[in-house]
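Chemist: When we follow the UniProt record's numbering, the leftmost residue of the sequence shown carries the number 1, and every step to the right adds one. For every residue, glycine included, the Cβ atom is placed at its ideal position computed from N, Cα and C. None of the values given here were measured: they were computed from a predicted structure.
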Amino acid sequence: MSDLEVNFIDRLKTLIYANTRISASYESPRKLLSVILESVKTVLSCEAASVLTVNQEDGSLTFDDVLGPKGAEVKKIHVEKESIAGWVAEHMEPQIVNSAIDDERFNPYVQNSTNYITRNMMAYPVVVNGRSVAVIEVLNKSDNQDFTQEDLDVLELIGMQASVAYRNLSDYRGKMDQIDQMQHSFKNGTEYHSFVAKSPAVLDILKVLDSVAKMNSSVLIVGESGVGKELFAEQVHLRSDRKDMPFVRVNCGALSPTLLESELFGHVKGAFTDAVSNHMGRFEAADGGTIFLDEIGELPLDLQVKLLRVLQERKFERVGSSETISVNVRVIAATNRNLEEMVENGSFRSDLYFRLNVVPINVPPLRDRKEDLEVLSQHFLEKFRMEAGKDFKGFSEAAMEAINSYYWPGNIRELENAVERACILGTPPYIEPSDLHLPTGLDRHETQESSCGTSVLFDSGLELKDAVNEFKKEYITKVLIKSNWNQTEAARRLGIQRTYVSRLLNELDIKRV
1 MSDLEVNFID
11 RLKTLIYANT
21 RISASYESPR
31 KLLSVILESV
41 KTVLSCEAAS
51 VLTVNQEDGS
61 LTFDDVLGPK
71 GAEVKKIHVE
81 KESIAGWVAE
91 HMEPQIVNSA
101 IDDERFNPYV
111 QNSTNYITRN
121 MMAYPVVVNG
131 RSVAVIEVLN
141 KSDNQDFTQE
151 DLDVLELIGM
161 QASVAYRNLS
171 DYRGKMDQID
181 QMQHSFKNGT
191 EYHSFVAKSP
201 AVLDILKVLD
211 SVAKMNSSVL
221 IVGESGVGKE
231 LFAEQVHLRS
241 DRKDMPFVRV
251 NCGALSPTLL
261 ESELFGHVKG
271 AFTDAVSNHM
281 GRFEAADGGT
291 IFLDEIGELP
301 LDLQVKLLRV
311 LQERKFERVG
321 SSETISVNVR
331 VIAATNRNLE
341 EMVENGSFRS
351 DLYFRLNVVP
361 INVPPLRDRK
371 EDLEVLSQHF
381 LEKFRMEAGK
391 DFKGFSEAAM
401 EAINSYYWPG
411 NIRELENAVE
421 RACILGTPPY
431 IEPSDLHLPT
441 GLDRHETQES
451 SCGTSVLFDS
461 GLELKDAVNE
471 FKKEYITKVL
481 IKSNWNQTEA
491 ARRLGIQRTY
501 VSRLLNELDI
511 KRV
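(1) In three-state terms, what does DSSP make of Ser377?
(2) Hey, out of Ala398, Ile332, Ala271 and Lys393, whose CA is closest to Glu234's CA?
(3) Under 8 Å: do the region 39 to 46 and the region 131 to 145 share three or more Cβ pairs, one atom per stretch?
(4) Is Arg493 helix, strand or coil by DSSP?
(5) Tell me which residue opens and which closes the beta strand (DSSP E) that Leu366 is part of.
(6) Is residue 514 helix, strand or coil by DSSP?
(7) Specify, as a first and last residue, the run of the beta strand (DSSP E) that Leu293 falls within.
(8) Helix, strand or coil: which one does DSSP assign to His437?
(9) Once DSSP output is grouped into helix, strand and coil, what is the label at Tyr407?
(10) Among all the DSSP beta bridges, which residues are the ones paired with Gln95?
(11) Do you know offhand how far Leu12's Cα is from Lys306's?
(12) Alpha carbons only, please: which of Glu382, Leu508 and Val250 is nearest the one belonging to Asn469?
(13) Starting from Val327, trace the beta strand (DSSP E) in both directions and tell me its first and last residue.
(14) Among residues of its own chain, excluding the 5 on either side of Glu446, which ones have a beta-carbon nearer than 7 Å to its beta-carbon?
(15) Can you grab the Cα-Cα spacing for the pair Gln111 / Ile117, in whole Å?
(16) Name the residue from Lys207, Glu489, Lys370 and Asn506 whose alpha carbon lies nearest to the alpha carbon of Lys473.
(17) Using alpha carbons as the reference points, say which of Lys229, Asn417 and Val358 lies closest to His379.
(18) When you compare each of Glu414, Gly281 and Met92 to Val268 by their alpha carbons, which one comes out closest?
(19) Taking just the CA atoms, how far does Ile291 sit from Glu230?
(20) Would you give the residue range spanned by the beta strand (DSSP E) that Ile117 belongs to?
(21) What do you get for Asp180, buried or exposed, if any count of 16 or more other CB atoms within 10 angstroms of its CB means buried?
(22) May I ask you to list the residues that DSSP assigns as paired with Ala334?
(23) Between which two residues does the beta strand (DSSP E) holding Thr62 run?
(24) Can you give the beta carbon distance from Asp294 to Val250, rounded, assuming they're within the 8 Å contact cut?
(25) From the DSSP output, in three-state form, read off Cys46 for me.
(26) My guess is that Asn484 and Glu224 are in contact by the Cβ rule of under 8 Å, so how many angstroms apart are they, rounded?
(27) Please name the residue, chosen from Pro433, Phe392 and Glu340, that lies closest to Ser502 on a Cα-to-Cα basis.
(28) Of all the options Gly426, Leu52, Gly68 and Leu67, which has the alpha carbon lying nearest to the alpha carbon of Leu83?
(29) Determine the DSSP secondary structure at Asp503, reduced to helix, strand or coil.
(30) Name the residue from Asn115, Val359 and Arg337 whose alpha carbon lies nearest to the alpha carbon of Gly253.
(31) Considering Leu352, what are the terminal residues of the alpha helix (DSSP H) in which it resides?
(32) With a cut-off of 8 Å, do at least 3 Cβ pairs link the region 122 to 135 to the region 74 to 91?
(33) Output yes or no for whether 8 Å exceeds the beta carbon distance between Ala285 and Val248.
(34) DSSP three-state label for Phe247, please.
(35) Have a look at Pro409 and Val79 and give me their C-alpha separation to the nearest angstrom.
(36) What would DSSP say about Arg512, mapped onto helix, strand or coil?
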C-alpha cells in the first residue's frame, strides 16, 4: 500500500470519527462547538479554526469558539458583514482563499487587532432551515501549503454534519422545557409514573408519540425488561383525547390462562367454581380509555383468538355468558420477546401480531441512552432519601462514574433498586460506589459492543470485498443487538427494507448472539 493510500485511509478514519463525535454532541452548545473545531483542526492540519455565529438582524458575526493562537483575544472581536466570513454567510457558499491579503473581501481588522497573520483560509456556512446560523473558518494550512479542493470537500463533509447537529441542538433545546414539565407524577384519576428523561433517543420517541396519540391505532412497544415500556404507554394515553378516561393495566404473564381470561373479559356468576358473583373485566373497565397489555407474548393461543376479535370488532363476551359487550378502547401492548420469531414457530398468531403492530415503538435499553443515567439517578435519590429519612446531597464523583460505566442489564428497574439500596445502606452526605453494590464485570459488554464494526478496519490481510463483508456483518449485528434482534426495527435503523435484512442475515451468516 502506497504512502498516499495510507494517508487517505488515515484521513478517512479520522473524518468518520469526527463526524461520529459531532453527531453525538448536540446536548451542549459549548461541547458541540469544541468538537467541531477539534475535528476541523485534526482532519485539515491547519494552524487555527473558529466558529462564528451570524447575527440574523445585521449579518455581523461574533466568535463563539476559537482553537489556535490568539484564541482569547479573538473571542472579544466583532466581525462586520463586509468580510470573507460575512460573504460566505450571506451567499451560503463555501470559499477557498489562498491569498487572503489579495482578496477584496478580506477585512484586516482581526489581523491588525491580534497581530496574527492570515495567509490563507477556508470558510463554510452552517445552514439550518434555509439560513446561515454560523460560519466555520479554517486558517493557515500547515507547512505553508495551499488549501486544495480536496480540503474544501472534507470541510464540507464536516460542515454538513455540523448543520445537522445544530438543527438537532435546536430541536433538543426546544424539547427540554417539555421534558422538565414531565419530571413529576401525573395525576389524572389514577397514579401515573414519573417520567424522567433527557436522552436524544427518548426525545425521538416522544416526537413519534405526539403523532401516535392523535390516532386510535394499536401500539406495540418492544424493549428489554425494565426499560420502562409502561411509562411510554402512559405517555400515549396522556397525550391523547382519551386522557380523562381510564388507563387500565394488565400483566398477561402474571396470571394463569383461566384467571387471565376472566381478568380481561370478566365473568358471570357460576361460570366456574369460584365465580360467586358477576365480575367486570379489564376491557369493560377501560371503556372510553386505554388498556395496556404488558407481556403480550405470554398470552395463550386460545386467548389470542379472543383478543383478535376485540381488536377487529371491539366486541367480546364475559366468561360463562352469551351476551355480547361492545367497548370503545385503545389497545397498547408491550413485550420483551421477539414476536416475529414466535409467529414463525407458531406460538403467536400472525394476524394478531399484525393487528397489534400497527405502530411499533422500540424502547432502547438504558446502556444506549446514557444521557438518562444521571437524571434518573437523581430522581430516584430524591425519592428514596426522603423515604429513608437521610439527607443525601447527591452522588460522589466515583459513584456517578460507576453508574455510567455499568452495563445495567436490568435497565431502569435495576437502577432504581440500586439507588434505593444505597439510600438504605449508605451514610450521608454522598452516595459512594460501595453503597450501590453493583456486580463487577458487567461493563465488559459495552466495551465489546462499542468495538463492534471497527476490528475489521485494522485487519490489513483482508481483500477489499472480504473486508467490506466483514464490516457489514459486524455493523448489522450491532444494529440487531440494539434492536433486540427485531428485524423490522433493525431495517428502520439501517434505512433498508426488512426483506433485505433477512437476506443479509443469510448471505453474511449472521447468527443471534
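Modeler: Reading off the structure:
(1) helix
(2) Ile332
(3) yes
(4) helix
(5) Neither: Leu366 is in no beta strand (DSSP E) and is coded neither H nor E.
(6) Residue coverage of the chain in this structure runs from 1 to 513, which leaves residue 514 outside it and unanswerable.
(7) Thr290 to Asp294
(8) coil
(9) coil
(10) Ala123
(11) Confidence at Leu12 is low in this model, with a pLDDT of 48, below 50, so the placement of that residue is unreliable and no value is reported for it.
(12) Leu508
(13) It is not in any beta strand (DSSP E) - Val327 carries neither H nor E in the DSSP assignment.
(14) Its pLDDT being 42, under 50, Glu446 is placed unreliably by the model, and the measurement read from it follows with that caveat. Around Glu446: Arg367 and Tyr407.
(15) 6 Å
(16) Asn506
(17) Asn417
(18) Gly281
(19) 11 Å
(20) Taken as a continuous stretch (DSSP letters only), Ile117 belongs to no beta strand (DSSP E), as it is neither H nor E.
(21) Caution applies to Asp180, whose pLDDT of 45 falls short of 50 and renders its modelled position unreliable; the value that the coordinates give is listed next. Classification for Asp180: exposed.
(22) Ile221
(23) Leu61 to Leu67
(24) 7 Å
(25) strand
(26) 6 Å
(27) Glu340
(28) The question names Leu, yet the displayed sequence has Ser at residue 83. Here the closest residue by C-alpha is Leu52.
(29) Here residue 503 is Arg; the residue named in the question, Asp, does not match the sequence. In this structure, Arg503 counts as helix in the three-state DSSP scheme.
(30) Arg337
(31) Ser350 to Leu356
(32) yes
(33) yes
(34) strand
(35) 52 Å
(36) coil
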